[in-house]
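A.B. asks: Numbering-wise, the sequence shown is residues -25 to -1, 1 to 116 according to mature numbering (1 follows the signal peptide of the UniProt record, and there is no 0).
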Amino acid sequence: MKALRSYIAASLVGLAACLATVAQAQTLRDASYHNIGRISPNGVVRNNNQQSIGFFDNDGTVRNRNNKAVGKVKNLAIYNTAGTRMGYINADGTVRDGESRVLGYIEKNGKVTDASHNVIGYAQGVAYEWVACYFFFGFFN
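1. For Arg40, which three-state DSSP category applies?
2. Inspect the CB distances between the stretch 51 to 63 and the stretch 87 to 100 and report whether three or more fall short of 8 Å.
3. Is DSSP giving Gln(-2) helix, strand or coil here?
4. I need the straight-line Cα distance from Gly12 to Phe31, nearest angstrom please.
5. Helix, strand or coil: how does DSSP classify Asp13 here?
6. Where does Ser27 fall in DSSP's three states?
7. Can you tell me where the beta strand (DSSP E) with Arg76 in it begins and where it stops?
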């Protein structure tokens, strides 16, 4: 009976981890801004049918399942103060969530502030020369 309880507990933990991964996935859009899939926190790119269609390299290169480079991430990933990825930054300095809603604005020091200038997060990503931040994609690990 104890083994059965342990098995059930382990199954529930595994299920919760899978659901958390899906819940934190970000929308992937093409150049015409059409939704073409989701980016999982572990870097796997999935189409709208949840099939794996590629992945991200640490330098921001998007590769298909055959390891061929098909694109590159140019925007910055934005993390909240708890370290959870919450969105990305546009070239105009606005911080948006995965559904393109404005969350706040980026400062030169890499901090993200809301309309009241409260710090709500910080920047990380491949465009580190544009904003003072360092090259690291923590949500892909």
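Where is the CB? At the ideal position from N, CA and C, for every residue including glycine. Owing to the predicted nature of the structure, the values given are computational and were not obtained by experimental measurement.
C.D. replies: Taking the coordinates as given:
1. Reduced to three states, the DSSP call for Arg40 is coil.
2. Three or more beta-carbon pairs separated by less than 8 Å link the stretch 51 to 63 to the stretch 87 to 100, which places the two stretches in contact.
3. Note that Gln(-2) scores 45 on pLDDT, short of 50, meaning its location in the model is unreliable and no value can be drawn from it.
4. If you take the alpha carbons of Gly12 and Phe31, they lie about 14 Å apart.
5. Reading the sequence as shown, one finds Arg at residue 13 and not Asp. Look at Arg13 here: in three-state DSSP terms it is strand.
6. Three-state result, Ser27: strand.
7. Here Arg76 belongs to no beta strand (DSSP E), and DSSP marks it neither H nor E.
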